[in-house]
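Everything on this sheet refers to the single structure shown next.
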Amino acid sequence: MNAFAYVRPKDLDSALSLIRSTPKARFLAGGTNLLDLWKMGVEQPDTLIDINRLGLSQIAELPDGGGLSIGALARNSDVATHSLVTERYPVLSQALLAGASPQLRNAATVGGNLMQRTRCYYFYDPNFPCCNKRDPGSGCGALNGFNRIHAILGQSDQCIATNPSDMCVALAALEAKIHITGPSGERVIAIADFHRLPGEQPELDTTLRPDELITAVDLPAPADTKHNLYLKIRDRSSFAFALVSAAIVLGIGEGQITSARIALGGVAHKPWRVPEAEAMLQGVKPDRATFEKVADRLLQGAHAYRYNQYKIPLARNVVVRGLLAASA
Amino acid sequence: MAMPDNPTVIGTPRQRVDGKAKVTGAAIYAADVKTDGIANAYLIQSTLASGRVIEIDQSQAEKMPGVFAILTQRNAPKLQPLPEELSANGLPGESRLPFQDDRVYYQGQHLGVVIAETFEQARDAAASVRVRYQPGELRTDLEGFAQQAIEPRLALGRIKLQDKRGDVDWVWANMPQDRLVDAVYSTPIENHNPIEPGAALAIWEDQDHLTLHVSTRGVDLTQRVLAAAFGLLIQNVRVICPFIGGHFGSKGFSWSYFIVAAAAARLINRPVRLVLTRSQMFDSMGQRARTVQSFGLAADETGKLAALKHSTLTHSSMVYQYTEPAGALTRLLYACPNIQINHRLVQLNYTTPCPMRAPGEAPGIFALESAMDELAIKLNLDPLELRLRNHADKDDSEQKPWSSKHLKECYDHGASKFGWSSRNPHPASARDKDGRLVGWGMATAIYPARQEPAAARITLANDGSVVVQSATHEAGTGTYTAMTQFVSENLGVPMEQVRFELGDTQFPHAPVNGGSFLTASVAPAVTAACNNLRDKLISLALDGPAAPFTGVARGDLVLADGRISTQKKSLPPMALADVLSKTNNQQLVAEGEAGPGDAYQKFAFYSFGAVFVEVRVDPDFGEVRVARVVGVYDVGKIINPMLARSQLLGGITFGIGMALMEGTIPDIPTGRIVNSNLSEYHVPVSTDVPPEFTIEFLDIPDPNMADSGARGLGEIGIVGTPAAVANAIYHATGKRIRDLPITPDKLVGV
Ligand SMILES: Cc1cc2nc3c(=O)[nH]c(=O)nc-3n(C[C@H](O)[C@H](O)[C@H](O)COP(=O)(O)OP(=O)(O)OC[C@H]3O[C@@H](n4cnc5c(N)ncnc54)[C@H](O)[C@@H]3O)c2cc1C
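Line order of the protein sequences matches chains A and B. So that you can map any letter, position 327 of the first sequence is 327 in this note's numbering, and since no number is skipped, the others follow by simple counting. So that you can map any letter, position 98 of the second sequence is 426 in this note's numbering, and since no number is skipped, the others follow by simple counting.
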């Protein structure tokens, strides 16, 4: 771990001007991902800009009536247990509580969670010679290595890593909007456009620019709070990343599905949604046969490697069971 | 042995005497020791699995803040090769000493060490060191190199690895297919992962005197290794370890890091602390090797085993031949006239393996007890019934009677506690209210018992305090508490008055902490020391001008409640301390020794158990949860039921981890471990511990074990449990998984 400077700005403008003037700086939120990566030598910031004093940890109703704004520095544990979240967005609360451990959730923030990096072994340990995400052009160690936790959808031959976040899967299904402030002012990115597929540039996880700061995440007013859930499959009963997960948000009226959003975790470089699959649910009555077709559509084009073949049937089962449970 | 005067301490539940010190942080572990001028060291490790070092470029590191020195092959002291008895056979570990040549045999091998003011400075400097290599032939694929396997004769210098009796081949050729099981079982590399990492603080008083504070389960052994490597007189090396934060087999032996700490301290003439990181715990202190075990079982029409063949393929490092003795107990667990046991060892570019909790037994009995389950299904017999029909009434491998065996009672008692008789034999026949498949499985547990030579010294002071010393170890199992109970019982002094001291080479010799033989070895020495002290004390009380009990017969004196008294004469009881004062003694010292007697030649000593498990399997997701465990154990006398239960709770949970999640995964193209951290190397978390957990002990003293009749119970919990879980999964799903761990990917869509 290299020597570094530590600064704790008190307002947004100073934080932004600091990041502009020190390109090798990193924002410090909960530190639960950054510090691990740093100790491993994956990250080597020369300056740490602690953003915990920026006053960005509010959880408040939006003026639009019904929506919610969550500050980028709100702790994962505070979000998960906030009454507005448990009442209106149970899928988000469930996703957060399914992640990490209580101690980590107490420290981890919404902004940090959005930005957390893949748990691909070949990325995490710089002593592995090949990782295009860490060291562009060096190859992909996972392709012919131990790829049990890797992607089956949307990957490229440059990178088969997955996004490990549970929260982001729920945010994808809730169609959250990410509020960002940068040198040219504020902008909003839809969650679907926030994380990237690896393509030819696996080193870029997101569309956030290096000199931008996430300030808040907005959730639109929920249509239906009953028919949504988060389902996570993992190697032990707690404190393990998802092998596959799904966030399902349905609207149901008079026995019919009126709206459907399904996001999958653990299968791709970003939370995986397929609008065509969701459209198949529009106006139909919940039933297993339909759900199986939806699952097949969601997984269309899936490609597995030596050790992650199981993810295709597992993801299919997760979708079907998730839809059955959410629509019950 | 004299009858104890206070026979109420042994066998009763007692809180840990060191519990408060541990939970308040008062217990000092190796990395906590403070002294003036400590420098901190951080290892430079190989990032190549095979080859030679061409150059270690440390130019940048040398200039970094806080760096005192960098030790590599270039400036390393010439170390003396370890003598035969510390390296070959017997003692696993790295008999190859650090920094003596340029060869690289595995990823993570220690190539050098940076010594700096702070740990962070040393780590930062170590990260800037660049090593150039000449790569060599890479051997990382066990099956790929199987044809180069050797057939070692013994493991640990005493466990038979190749054995046969009868004619297995004839039976095999003549047995109908429907009474045969022929299957391959495999277990992954596993790492011990005690919560306390390896840690050493080396202090040289002068060029000839070394003190090492180190987390080790063998202070005496570590002392011999250091004395040999540095050419020191054995009495000039002191090794201290009052607490171990767990080891499960890893600490002890001749691992490089503590030798490096000593060499580093000598180089800079300051105390040097070297603490391993979690990741280094995966490559610097041993691991359980992977096993691939081929099993052949044949049974006659009555369900009796006719032939058993067990062939294990496993690996060691390029620098040491340690063989995981997976087949050792297949030779004797069941009665079977025709047996063939074989072990094949391949040397690979992985770190040196060593024993890990129940070495051999844990993976071997997983395979045997899975194969027995498969045979029961083939024969249409209840799995428990099959085991009863094949009960071994003696140890057929050595033709010896069991010293004490109550396995049938374990089966009986466990089955009734569990409700086994209501089991529906058909797999995939039960579901719970959540739609998960429910399965029941069982397995036999077995673990050998042993006694090793040990000694203890006891000192009674005239303030009434009793201090007992022995160079044994406290790994969190309860040595301090159990030994205090023995002293209390034998001398009739309250436990609070007794202080047991351990983990110091200045104390009388005790064996390494392993093989579940600590209590069976050390307690008899403690008892002997107590008896000697008591004889001396009674002599003081009876003989001499100032003796307070003159005229009383020896046999009429009783030690109880910290006092000496007699019923025969109207003399008031006297505190032990007062006996010393009255007779003008500051203190009274006695020593005691014990070691295995003739019984060890005559009998076979084993502990047994039966473990019953209920699992729930999600058929869509393949997630397995253990819902219920009943384990009944015959481990001899129970010294402290509270500690004993903790050992089995931990052991069985360890077994659940082995069954469902543990595994160290090497990357085959590089030989580097992919999951050398506790985020990705999964051990059970609290919610993986079954909600219903029943542990019972028969508590029948072994008449031929010295002293109390305790056989030991540190390891037996992990034996049997993995197979019971796998068998329950088969019963739940109808799918047999023969490759551990049984993670969801292996069961999706059953
Ligand atoms: C052992 C372990 C287990 C875990 N298990 C799970 C799990 O099961 N599921 C799961 O989803 N997660 C899991 N996590 C990951 C955890 O959720 C993340 O580490 C956490 O959410 C990161 O948040 P943080 O605030 O600590 O981020 P930090 O570590 O502080 O920051 C992470 C990155 O985000 C950047 N950043 C932070 N805030 C902002 C901002 N406002 N704007 C721009 N950039 C920002 C930082 O500069 C840094 O690069 C686990 C982590 C650990 C260590």
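Yeah, the Cβ is synthetic: ideal placement off N, Cα and C, and Gly gets one too. Computed from a predicted model, the values in this text were never measured in an experiment.
Residues are counted here when their Cβ sits less than 9 Å from a Cβ of chain B; for the stretch 5-18 of chain A the count is zero. Contact annotation for Pro1012/B against chain A: Arg236 [CB-CB distance below 7 Å, chain order].
Under the three-state reduction of DSSP, Met609/B is assigned to helix. One finds Ala455 in chain B with Cβ atoms closer than 7 Å to the Cβ of Gly41/A, taken in chain order.
Glu713/B sits exposed, since fewer than 16 C-beta atoms from the chains shown fall within 10 Å of its C-beta.
Excluding the 5 residues flanking it on each side, Ala60/A has same chain C-beta neighbours closer than 7 Å at Ser69, in chain order.
A heavy atom of ligand 1 is found nearer than 8 Å to the CB of Asn76/A.
Set against 8 Å, the gap from the CB of Arg26/A to the closest heavy atom of ligand 1 is smaller. As summarised for the stretch 462-511 of chain B, the continuous alpha helix (DSSP H) elements at least 4 residues long and confined to that stretch are 496-502, given in chain order.
The beta carbon of Met1/A sits closer than 9 Å to some beta carbon of chain B.
At least 9 Å separates the CB of Ile443/B from every CB of chain A. Under the Cβ criterion (8 Å, minimum of three pairs), the stretch 246-261 of chain A does not count as touching the stretch 1018-1035 of chain B. Proximity of chain A to Thr1061/B at the Cβ level (cut-off 7 Å) is not reached, the minimal Cβ distance being about 14 Å. Identification of chain B residues near Leu243/A by a Cβ-Cβ cut-off of 8 Å yields Pro1072 and Asp1073, ordered along the chain.
Look at Gly624/B here: in three-state DSSP terms it is strand. By the C-beta density criterion, Lys579/B is buried, having at least 16 other C-beta atoms within 10 angstroms. With contact defined as three or more Cβ pairs closer than 8 Å, the stretch 158-166 of chain A and the stretch 125-134 of chain A are in contact.
The stretch 554-568 of chain B makes no contact with the stretch 626-638 of chain B: fewer than 3 CB pairs, one atom from each, lie closer than 8 Å. The alpha-carbon of Ile372/B is positioned some 54 Å away from that of Arg862/B. Chain-ordered listing is empty here: chain B has no CB closer than 7 Å to the CB of Arg105/A, the nearest sitting near 15 Å. In the three-state DSSP reduction, Trp730/B falls in the strand class (E or B). Within chain B, the residues Asp948, Phe949, Val1076 and Gly1077 have their CB atoms less than 8 Å from the CB of Asn317/A, given in chain order. If you draw a straight line from the Cα of Arg616/B to the Cα of Ile517/B, it comes to about 5 Å. The alpha-carbon of Ala25/A is positioned some 6 Å away from that of Leu48/A. For Phe291/A, there are no C-beta contacts with chain B under 8 Å, since the nearest C-beta of that chain is about 12 Å from it.
Measuring C-alpha to C-alpha distances from Ala511/B to each of Phe623/B, Leu466/B and Gln437/B identifies Phe623/B as the nearest. Taking a Cβ-Cβ threshold of 7 Å, the residues of chain A close to Thr375/B are Asn127, in chain order. Residue burial is scored here from C-beta neighbours: Lys637/B has at least 16 other C-beta atoms within 10 angstroms and is therefore classed as buried. When the beta-carbon positions are compared, Pro852/B and Asp710/B stay at least 9 Å from each other. By alpha-carbon distance to His741/B, the top candidate from Asp1027/B, Thr619/B, Phe447/B and Leu399/B is Asp1027/B. By the neighbour-count criterion, in which 16 or more other beta carbons inside 10 Å mark a residue as buried, Ile1057/B falls on the buried side. In summary, Ser750/B is exposed, with fewer than 16 beta-carbon neighbours lying within 10 Å of its beta-carbon over all protein chains present. If you draw a straight line from the Cα of Thr605/B to the Cα of Phe427/B, it comes to about 20 Å.
Secondary structure at Leu324/A: helix, using DSSP grouped into helix, strand and coil. At the C-beta level, Arg764/B and Val796/B stay beyond 9 Å of one another.
Ranked by how close their Cα comes to the Cα of Pro781/B, the residues Gln825/B, Ser849/B and Asp760/B have Ser849/B in first place.
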